[in-house]
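First the structure, in the form of structure tokens, and then the observations on it.
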Amino acid sequence: MNAYRHTVQYYETDRMGIVHHSNYIRWMEEARVDYLAQLGWGLERLEAMGSVSPATYLDAKYKQTTTFPDVISIQVTLTQFTGVRLRLHYVMTKEGGPVVFEGNSEHCFQDQQGHILRLRKAFPAFAQALDQQLAAGQEA
36 MNAYRHTVQY YETDRMGIVH HSNYIRWMEE ARVDYLAQLG WGLERLEAMG
86 SVSPATYLDA KYKQTTTFPD VISIQVTLTQ FTGVRLRLHY VMTKEGGPVV
136 FEGNSEHCFQ DQQGHILRLR KAFPAFAQAL DQQLAAGQEA
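For the sequence shown, the numbering used here begins at 36 and goes up steadily by one.
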């Protein structure tokens with residue numbers, strides 16, 4: 036999978052000129068949306084099929100500050116898929132530089148009424164794509 040790239044915007048910085056910590060969480064979301072699109076299962080497609088994907092867990096480890104106009108490369112790796120929940124790991128790197136952030140997010144999938152979906156039954160082709168991605172990541 037290709038890394039997602041984000042250019043730090045001036046408005047994302049605080050009074051000290053560094054990126055406010057909340058923006059890294061937004062970038063995780065941007066990268067997750069891009070990751071699913073690269074799999075061929077963008078959020079638009081999943082929502083059109085009647086599914087939403089709320090976050091159920093999040094952690095963050097800030098390693099170094101970033102500033103305007105740094106370019107951040109975000110590598111997303113699927114680390115767990117149970118058929119009901121998936122876990123993604125994010126590594127953010129300044130382009131040509133050090134790792135600045137690492138984090139994880141977990142997501143489930145629900146129908147429009149809020150019922151949890153078992154993806155292998157509800158969307159078997161999507162579940163298969165996730166299983167294949169997980170297997171490919173474990174082989175690397």
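Note that CB positions come from ideal geometry on N, CA and C, so glycine has one too.
Would you mind stating whether Glu-65 and Val-54 have Cβ atoms separated by less than 7 Å?
no
Would you tell me roughly how many angstroms separate the C-alpha atoms of Val-68 and Leu-93, rounded to the nearest one?
16 Å
Helix, strand or coil: how does DSSP classify Glu-137 here?
strand
Tell me the DSSP secondary structure of Lys-156 in three-state form.
helix
If you count every other CB in all the chains shown that lies within 10 Å of the CB of Ile-151, and 16 or more means buried, which is it?
exposed
Taking only the alpha-carbon atoms, compute the straight-line gap between Leu-74 and Met-36 and give it to the nearest angstrom.
8 Å
Taking the beta strand (DSSP E) that Asp-94 belongs to, which residues open and close that run?
90-97
Bridge partners of Met-127, per DSSP?
Ile-109 and Phe-136
Burial state of Tyr-45, where buried means 16 or more other Cβ atoms lie within 10 Å:
exposed
Measure the beta-carbon distance from Leu-169 to Phe-161 and round it to whole angstroms, keeping in mind my assumption that it falls under 8 Å.
Their Cβ separation, rounded to whole angstroms, is 13 Å, which puts Leu-169 and Phe-161 out of contact at 8 Å.
Beta-bridge partners of Thr-48, as assigned by DSSP:
Val-54
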